[in-house]
Structures are given as structure tokens and as C-alpha cells.
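Asker: The following block contains the structure, expressed as C-alpha cells.
In the UniProt record's numbering, the protein residues as written are 1 to 80.
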């Protein structure tokens with residue numbers, strides 16, 4: 001049972017922001033994975049919602065994409 005059904009929507013919003021930001025920076029999933037030192041499936045899984053990111057991972061991804069965490073949070077807050 002999911003006690004917080006709104007969490008899925010919020011996770012979807014975060015994934016969408018990460019995908020669109022990565023694409024705006026003209027990075028492929030393979031290039032981003034290389035920057036992170038992770039397999040491409042890691043990027044594909046969190047972008048598709050199969051994997052939930054923890055905060056340190058999110059910070060690493062933001063750094064690798066080239067977006068400031070404050071900017072990322074602001075984008076997120078505007079969309080939820």
C-alpha cells in the first residue's frame with residue numbers, strides 16, 4: 001500500500017526535469033553515464049522511474065548535467 005500517492009507524481013516531475021535538462025545540455029544518456037562513472041542503465045532507470053534517486057545521487061547528477069541544485073529545486077517547485 002502506498003501511503004503517499006502524490007509521491008509518484010513528484011518523482012515523475014523530477015525525472016522529467018532531469019531528462020529535459022540533460023537534453024537541453026545536449027547530453028546523451030551514455031555521455032551522462034560516463035560522467036557519473038555509472039552504466040547507462042542507471043540513467044535510463046531513473047529517467048524512466050524504475051529507480052529512485054537518493055540525495056547524494058541527485059547532487060552528482062545535477063553536477064554532471066551542469067545545473068545548480070537551487071535551480072533544479074526551483075524548477076521542481078514550479079511544476080508540483
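Glycine is no exception: its CB is placed at the ideal position from the N, C-alpha and C atoms.
Model, not experiment: these values are computed from the prediction.
1. Give me the Cα-Cα distance between residue 12 and residue 52, rounded to the nearest whole angstrom.
2. Which residues in the same chain as residue 79 place their Cβ atom closer than 6 Å to its Cβ, once the five residues preceding and following it in sequence are excluded?
3. Below 8 Å on the Cβ atoms is my contact criterion, and I expect residue 64 with residue 35 to pass it. Report the Cβ-Cβ distance as a whole number of Å.
4. By the 10 Å Cβ neighbour count, where 16 or more other Cβ atoms means buried, how is residue 43 classified, buried or exposed?
5. Using three-state DSSP, classify residue 50 as helix, strand or coil.
Answerer: In short:
1. 10 Å
2. 13
3. 4 Å
4. buried
5. coil
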